[in-house]
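**Student:** Below is a structure I'd like to ask you about.
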Amino acid sequence: MTNFTIFLDIDGVLNSLDSMRSISLYAESMFANEEKTQQIYKEMIKLKYSLNGNGDWHFDERCKRYFNAVCNFLYKKYECAKINIVITSAWGYHGIDTIKKIWEEEQMLGDIVDLSNTYCCERCEAIKKYLKKNSWIV
């Protein structure tokens, strides 16, 4: 049996433009009359990763269905034993334990196994560094 690894960026894949726009509009309306200080910026970051600002995490339902369909395809077509997910997203900011919790709550297929450092460089370079660091390529 084969194992697959998916390098996943969450925004734009599991969060559609529609869901991200609604979060942005909510954040803008919330802070429209105040100066955007560092504290407000941090609050907006929290809102970006939480649709209602109360820590209730949600991915776009359509995107979830598509992603899980891809995983089911891999399981069936290639008799895949395991799908490992490496997060290559700013969502890594929350840490692997939080991401795993969200993954479970959202009933997503595949196992979150690691985060790549997307703050060091462009995403493709971050993935290449991750692969080298973990001896997947020489």
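Reading the sequence shown from the start, the letters are residues 6 to 143 in the working numbering.
For every residue, glycine included, the Cβ atom is placed at its ideal position computed from N, Cα and C.
Determine the burial state of T7: buried for a count of at least 16 other Cβ atoms within 10 Å of its Cβ, exposed for fewer.
**Tutor:** exposed
**Student:** According to DSSP, is D102 helix, strand or coil?
**Tutor:** helix
**Student:** Going by the CB atoms, is the gap between I104 and W96 shorter than 8 Å?
**Tutor:** yes
**Student:** Determine whether the Cβ of E111 lies closer than 8 Å to any Cβ atom of chain B.
**Tutor:** The structure shown has no chain B; it contains just one protein chain.
**Student:** Just mark F72 as buried or exposed, buried being the case when its beta carbon has 16 or more other beta carbons within 10 Å.
**Tutor:** buried
**Student:** If the criterion is Cβ atoms closer than 8 Å, does the pair S140 and F12 meet it?
**Tutor:** no
**Student:** Sort T10, D116, L19, K106 by Cα distance to R70 and report the nearest one.
**Tutor:** L19
**Student:** Could you give the DSSP three-state label for N8: helix, strand or coil?
**Tutor:** strand
**Student:** Could you spell out the range, first to last residue, of the alpha helix (DSSP H) harbouring I88?
**Tutor:** No alpha helix (DSSP H) contains I88, which is instead part of the beta strand (DSSP E) from 85–92.
**Student:** Just how far apart, CA to CA, sit L22 and I15?
**Tutor:** 12 Å
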